[in-house]
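Quick note: the sequence shown uses our numbering, first residue 2, plus one each step. Cβ atoms here follow ideal geometry from the backbone N, Cα and C, with glycine treated the same way.
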Amino acid sequence: MRRSFFVLSALALSLVVIGCSQKKPSAPAPEPAAPIEVPKPEVREEIPEVVCEEVRKEIIIADFDSGAKPNNIGGDFGSWDKDPGDTTQGASMAFNPDQKYGKDGFCLELDYDVDTQNPAYNGFWMKLKDIDASAYDKLVMYIKGDDVKGYPQKVKIELKNARGETGKAYITQISGTWAPIEVPFSSFQGINDFSDLTEFTVVFEDSVSRPKTGTIYLDNIGFARD
Ligand SMILES: [Ca+2]
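Below, the structure is given as structure tokens:
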């Protein structure tokens with residue numbers, strides 16, 4: 002009985018093996034598996050979060066450091082006379098490397114003469130290329146008077162825009178050493194729109210400028226906000 006059981010079991014196993022081998026034809030021997038490349042973990046650099054300001058707190062329009070035109074935003078500039086025919090008065094500009102504010106470059110030197118029998122005013126003009134300064138709230142610059150040649154106690158400055166408005170303000174804090182000047186936009190009488198500024202001017206007036214001849218130096222003219 003036990004023998005016949007073994008015979009039957011062996012027979013059944015043989016049938017199963019034969020059946021399996023018939024159902025599944027032998028597959029080609031698998032090729033040796035290629036080594037699996039384990040991707041290296043990505044190293045992520047820690048990037049600090051930077052909060053970008055939409056507008057810088059200050060923009061320099063003219064630092065005169067190249068010693069040539071134009072200014073830092075591509076605008077031309079120069080001196081002007083109300084009455085060029087009157088040669089007894091006038092204004093002139095120069096790039097001065099000796100009196101400059103800071104370490105490098107030049108500053109602007111403005112020499113004026115309003116000493117004449119006729120009404121006289123003259124000064125300096127600089128194009129602002131329709132700059133939108135509405136994000137700022139003041140004009141800034143450095144100013145110094147020349148102790149040897151003399152300098153005025155009061156100078157008029159102007160900002161003009163594309164709408165034809167001219168804003169006027171007076172600077173009175175001039176001394177023989179460099180000092181920063183801040184003129185709030187609200188101090189410019191006659192202009193309300195600072196979104197398209199066309200020109201900045203300095204005006205020496207015979208009715209105001211004392212002494213009537215002298216020299217001032219300007220540097221780092223720009224706009225700023227608190
Ligand atoms: Ca300079």
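Per the coordinates, the alpha-carbon of residue 153 lies some 25 Å from the alpha-carbon of residue 72. Among the bridge pairs identified by DSSP, residue 134 is matched with none. If you ignore the 5 residues before and after residue 115, its C-beta comes within less than 6 Å of the C-beta of 90, 121, 205, 207, 210 and 213, all in its own chain and listed in chain order. With contacts defined as CB atoms closer than 8 Å, residue 140 and residue 217 fail to qualify as a contacting pair. The beta carbon of residue 102 sits closer than 7 Å to at least one heavy atom of ligand 1. Judged by DSSP in its simplified three-state form, residue 205 adopts strand. Boundaries of the beta strand (DSSP E) around residue 93: 91 to 97. The criterion of a C-beta distance shorter than 8 Å is satisfied by residue 113 and residue 215. Around the C-beta of residue 221, 16 or more other C-beta atoms lie within 10 Å, and the residue is accordingly described as buried. In the DSSP annotation of this structure, residue 67 is not part of any beta strand (DSSP E), being labelled neither H nor E. Counting along the chain, residue 81 sits inside the beta strand (DSSP E) bounded by residues 78 to 82. Rounded to whole angstroms, the Cβ separation of residue 76 and residue 129 is 6 Å, and the two are in contact under 8 Å. The DSSP assignment places 139 to 146, 156 to 162, 167 to 172, 180 to 185 and 198 to 206 as complete runs of the beta strand (DSSP E) inside the segment 136 to 209, in order along the chain (cut-off: 3 residues). Short of 7 Å from the beta carbon of residue 101, and not among the five residues preceding or following it, lie these beta carbons of its own chain, in chain order: 107, 108 and 220. For residue 189, the shortest C-beta to heavy atom distance toward ligand 1 is 7 Å or greater. For ligand 1, a non-hydrogen atom lies closer than 7 Å to the CB of residue 221. Looking at the DSSP output, residue 216 shares a beta bridge with 112. A distance below 8 Å between beta-carbons, with the five flanking residues on each side excluded, links residue 92 to the following residues of its chain, in chain order: 80, 81, 82, 111, 112, 113, 114, 123, 124, 125 and 205.
Within the model, the alpha-carbon separation for residue 117 versus residue 146 is close to 22 Å. In this structure, the CA atom of residue 170 is about 13 Å from the CA atom of residue 193. The residue among 151, 38 and 223 with its C-alpha nearest the C-alpha of residue 178 is 151.
No Cβ-Cβ contact shorter than 8 Å links residue 60 with residue 168.
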